[in-house]
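Input: a single structure, listed below in structure tokens.
Number of protein chains: 2
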Amino acid sequence: MFITCLDLEGVLIPEIWIAIAKYTKIPQLEITTREEPDYDKLMKKRIEILNVNNITLNEIQNIIKKMKPIQGAKKFLEWLHELSEIFILTDSYLEFAKPMVKALGNYGLFCHNLEINEKGKIIDYTLRLQNMKKLTVQKLHELNYVIIAVGDSYNDIAMLKEADFGLLFNPPENVRAEFSQFPSFFEYTELKKKIQEILKS
Amino acid sequence: MFITCLDLEGVLIPEIWIAIAKYTKIPQLEITTREEPDYDKLMKKRIEILNVNNITLNEIQNIIKKMKPIQGAKKFLEWLHELSEIFILTDSYLEFAKPMVKALGNYGLFCHNLEINEKGKIIDYTLRLQNMKKLTVQKLHELNYVIIAVGDSYNDIAMLKEADFGLLFNPPENVRAEFSQFPSFFEYTELKKKIQEILKS
């Protein structure tokens, strides 16, 4: 039996922080691990910027509600769910990811979570687990599943390596070049063909 | 972070084989592990009865499509999904369980599967894993989740023991008496209260 583990941002929906930066008109929120490689510093900075600007979780969730999945994502998942169990593995937070996952069709979600105070302010974040994506695939393996994993960036590579079949979707050129052992796809139709081939093998 | 693992038959939907027996008017299909404690013999007998009567998977899936979830199950799951990730763990088969899980709201599904021949006949079954329910809870534990498990019968007990909080829903009297360490609930409203209490603890 197959499980397909998919990254969320970049694979099924656009980047959430980019959307927040755009809607709030705070370009500082566009910073990513490219500009600030230390994830903890990056997240603390983001939380600080939100709080300086009095942006609550509720406002962010309203922005996320306006976001649209990448065109074709929902239909792709419906197609895939006929052939394989689907889990979405994201390094984002429950409070951000869940509304999007529901809009995509309510698949199983593995993620982290935020700490919210009584005023609805985001005060901290909690990583449920270090190396969450890789370890999730490992545990699903131990439950006797064959795993296909789909990601787009550095934080997906350990998951792709752990899976039986690792696939890149819409990777930036540097990720594609560095990890050329994983085939790259740029359209759901191509990705479908590859998955169909795997399922038949 | 919480995951609630729920058994399917008896907890969210009626027993599938009972429904098949009723619709096909083959009372022999009502046999359960009470009459035939050897599960392998039981399943082989069921498959034989289906094939003697020329009942294909397709026909069974049409029967399953007519089945209704237990009253209140869908709303209970919607309520629960706001507070906890939900996985459905069943010793039934993908081909039987998936249509019901979709009707319930598309939650993550862990199950076994059937072997179907080119004529659509069920020819065998495959247990993905022995002790699947218990092991699934164990692996989810290792992913740093707190687990609530809800079941109704003997095949759920190992899962209930492995979980942080094991709850019985609609158990038969003998199961309730034998495993009185697990609180029993007979209405979703009672079960909701208990889960709310756990989530707040």
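Respectively, the protein sequence lines represent chains A and B.
For the first sequence, position 24 (counting from the first letter as 1) is numbered 24 according to the working numbering, and the numbering increases by one without interruption.
For the second sequence, position 39 (counting from the first letter as 1) is numbered 240 according to the working numbering, and the numbering increases by one without interruption.
In this text, a Cβ means the ideal position worked out from N, Cα and C, and glycines have one as well.
Pick helix, strand or coil for residue i, following the three-state DSSP scheme.
| i | result |
| --- | --- |
| residue 351 of chain B | strand |
| residue 179 of chain A | coil |
| residue 90 of chain A | strand |
| residue 257 of chain B | coil |
| residue 199 of chain A | helix |
| residue 214 of chain B | strand |
| residue 168 of chain A | strand |
| residue 374 of chain B | helix |
| residue 85 of chain A | strand |
Please list, in chain order, all residues of the same chain as residue i whose beta carbon is under 8 Å from its beta carbon, the five residues on each side excluded.
| i | result |
| --- | --- |
| residue 259 of chain B | 321 |
| residue 282 of chain B | 306 and 308 |
| residue 295 of chain B | 310, 312, 313, 314 and 315 |
| residue 264 of chain B | 220, 221, 224 and 225 |
| residue 3 of chain A | 84, 85, 86, 87, 140, 145, 146, 147 and 148 |
| residue 414 of chain B | The requested residue 414 of chain B does not occur in the structure, where chain B is confined to residues 202 to 402. |
Specify, as a first and last residue, the run of the alpha helix (DSSP H) that residue i falls within.
| i | result |
| --- | --- |
| residue 323 of chain B | Per DSSP, residue 323 of chain B belongs to no alpha helix (DSSP H); it is in the beta strand (DSSP E), 323 to 327. |
| residue 94 of chain A | 94 to 104 |
| residue 136 of chain A | 132 to 142 |
| residue 76 of chain A | 73 to 81 |
Does any C-beta atom of chain A lie closer than 9 Å to the C-beta of residue i?
| i | result |
| --- | --- |
| residue 311 of chain B | yes |
| residue 321 of chain B | no |
| residue 314 of chain B | yes |
| residue 291 of chain B | no |
| residue 400 of chain B | no |
| residue 281 of chain B | no |
| residue 244 of chain B | no |
| residue 207 of chain B | no |
| residue 295 of chain B | yes |
| residue 202 of chain B | yes |
| residue 346 of chain B | yes |
| residue 213 of chain B | no |
Consider the Cβ of residue i: report whether some Cβ of chain B lies at a distance smaller than 9 Å.
| i | result |
| --- | --- |
| residue 74 of chain A | no |
| residue 56 of chain A | no |
| residue 142 of chain A | yes |
| residue 87 of chain A | yes |
| residue 134 of chain A | no |
| residue 192 of chain A | no |
| residue 65 of chain A | no |
| residue 46 of chain A | no |
| residue 129 of chain A | yes |
| residue 139 of chain A | yes |
I'd like the span of the beta strand (DSSP E) that includes residue i, first residue to last.
| i | result |
| --- | --- |
| residue 110 of chain A | 108 to 116 |
| residue 4 of chain A | 2 to 6 |
Using a Cβ-Cβ cut-off of 7 Å (strictly less than) and excluding sequence neighbours within five positions of residue i, which residues of its own chain qualify?
| i | result |
| --- | --- |
| residue 50 of chain A | 122 |
| residue 43 of chain A | 125 |
| residue 7 of chain A | 89, 90, 150, 151, 152 and 156 |
| residue 65 of chain A | 99 |
| residue 234 of chain B | 240 and 243 |
| residue 159 of chain A | 5, 89, 133, 134, 137, 149 and 151 |
| residue 97 of chain A | 8, 90, 109 and 111 |
| residue 202 of chain A | No answer is possible for residue 202 of chain A: the residues shown for chain A start at 1 and end at 201. |
| residue 162 of chain A | 134, 137 and 138 |
| residue 383 of chain B | 361, 367, 368 and 369 |
Which residues in chain D have a C-beta closer than 7 Å to the C-beta of residue i? List them in chain order.
| i | result |
| --- | --- |
| residue 306 of chain B | Absent here is chain D; the protein component of the structure consists of chains A and B. |
Sorted by chain position, which residues of the same chain lie with C-beta nearer than 6 Å to residue i's C-beta, five sequence neighbours on each side aside?
| i | result |
| --- | --- |
| residue 273 of chain B | 389 |
| residue 386 of chain B | 370 and 392 |
| residue 365 of chain B | 347 and 348 |
*asked:* For the stretch 103 to 116 of chain A against the stretch 137 to 145 of chain A, do three or more pairs of beta-carbon atoms, one drawn from each stretch, fall closer than 8 Å, so that the two count as touching?
replied: The stretch 103 to 116 of chain A, when compared against the stretch 137 to 145 of chain A, does not touch it at the 8 Å Cβ threshold.
*the stretch 226 to 239 of chain B touching the stretch 367 to 385 of chain B, judged by at least three CB pairs closer than 8 Å*: In this structure the stretch 226 to 239 of chain B does not lie against the stretch 367 to 385 of chain B, because fewer than three pairs of beta carbons, one per stretch, are closer than 8 Å.
*Using 8 Å as the Cβ pair cut-off and three pairs as the minimum, do the stretch 10 to 18 of chain A and the stretch 62 to 76 of chain A touch?*
With the cut-off at 8 Å, the stretch 10 to 18 of chain A and the stretch 62 to 76 of chain A touch.
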